[in-house]
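Counting in my numbering, the sequence shown runs from 61 upward without gaps.
Each residue gets a CB set at the ideal place from its N, CA and C atoms; glycine is no exception.
Below is one structure, written out as C-alpha cells, with a few remarks after it.
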Amino acid sequence: MATNKIDYDVLEQASKTYSNEAAAIAEVLSKLDSVNSTLAEGWQNDTARAFIERYETEHKKALQAARDSIADIADYIARYRQAEIERDASGASSVRG
Numbered sequence: 061m062a063t064n065k066i067d068y069d070v071l072e073q074a075s076k077t078y079s080n081e082a083a084a085i086a087e088v089l090s091k092l093d094s095v096n097s098t099l100a101e102g103w104q105n106d107t108a109r110a111f112i113e114r115y116e117t118e119h120k121k122a123l124q125a126a127r128d129s130i131a132d133i134a135d136y137i138a139r140y141r142q143a144e145i146e147r148d149a150s151g152a153s154s155v156r157g
C-alpha cells in the first residue's frame, strides 16, 4: 500500500526557496542590464555591438526563461500545497459528518 504523507511546511519552504531563487535571477538580470548600459558608453565598436546583440538575443533570454521556469515551479508547489490542505480539510469534514 502506498504511503501518502504531506508535510505542508516542507512544501511551503520549497515554494519560498524557488520563489527566492527566481527573484535572485531577476536581480542578476537587472545588474547585467545596468552593466551593459555602462559598458555601451565606454565600448563602442562592432565587437561591442555584437556582444550586446548576443547578450540580448541569447543569454538574457536564457536567464529570463530560467527565472520564469523557476517561478512556475514555485507557483506549482504553492498551488499543490493549498489544494492538498483544502482536500484534506474536506475529507476530514466528510468523516466528521
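Query: Alpha carbon to alpha carbon, what distance is there between Glu87 and Lys65?; Result: 36 angstroms
Query: Determine the contact status of Ala74 and Ile137, defining contact as a CB-CB distance below 8 angstroms.; Result: yes
Query: Closer than 6 angstroms by C-beta to Ile133: which residues in its own chain qualify, once you throw out the five before and the five after it? Chain order, please.; Result: Tyr78
Query: Since Ile85 and Ala122 should fall inside the 8 angstroms C-beta cutoff, what is the C-beta to C-beta distance between them, to a whole number of angstroms?; Result: Contact doesn't hold; Cβ gap of about 10 angstroms is too wide.
Query: Please report the Cβ distance between Leu71 and Tyr140, rounded to the nearest whole angstrom; I am assuming they are in contact, meaning their Cβ atoms lie under 8 angstroms.; Result: 7 angstroms
Query: To which residues of the same chain is Tyr68 closer than 8 angstroms at the C-beta, ignoring the five residues directly before and after it?; Result: Arg141, Glu144, Ile145
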